[in-house]
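One structure is given below, encoded as structure tokens.
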Amino acid sequence: MEAAVAAGIDGIAADCGGMLTCATCHVFVHEPFASRLPGADGEELAMLAFTATPATPASRLSCQIRLSAELDGLTVELPASQY
Ligand code: FES
């Protein structure tokens with residue numbers, strides 16, 4: 009989320025600044041990267057119930073994705089709306 013916001017990517021609102029209270033940083037993570045991510049914890053899963061665009065198995069809150077060398081090349085799709 010922070011990298012996307014810093015790069016000026018439209019579509020990731022991140023209203024709470026990464027505090028896991030807004031769900032406006034929703035993204036759909038493409039494979040093979042989705043499989044490389046640690047699973048969402050209970051708090052993230054709970055917030056995914058509040059996304060404006062319905063969550064799918066590929067959904068993650070981007071503020072919970074910690075970038076690493078393993079994720080180099082990560083691609084995501086943005087939902088139609090964050091609100
Ligand atoms: S930035 Fe608010 S939940 Fe991710």
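Residue numbers for the sequence shown follow this note's numbering, beginning at 9 and rising by one.
Backbone N, C-alpha and C define an ideal beta-carbon position, used for all residues, glycine too.
Keep in mind that this is a model prediction, so the values were computed, not measured.
Inter-residue spacing [alpha-carbon to alpha-carbon] between residue i and residue j
i            : j            : result
glutamate 78 : glutamate 39 : 13 Å
alanine 57   : proline 87   : 14 Å
glutamate 85 : threonine 64 : 12 Å
For residue j and residue i, believed in contact at Cβ under 8 Å, the rounded distance
i             : j             : result
leucine 75    : methionine 55 : That pair is no contact at about 20 Å.
isoleucine 73 : leucine 45    : 6 Å
alanine 66    : alanine 42    : 6 Å
glycine 71    : glycine 26    : A small fix is needed here, since residue 71 is cysteine in this sequence, not glycine. That pair is a contact at about 4 Å.
Cβ pair residue i, residue j closer than 8 Å
i          : j            : result
leucine 69 : histidine 34 : yes
Minimum Cβ-Cβ distance from residue i to chain D less than 8 Å
i                : result
phenylalanine 41 : Absent from the structure: chain D. Only one protein chain is present.
Check: residue i C-beta below 7 Å from any heavy atom of the ligand GTP
i            : result
aspartate 18 : Questions concerning the ligand GTP fall outside what the structure shown contains, since the ligands it does hold are the ligand FES.
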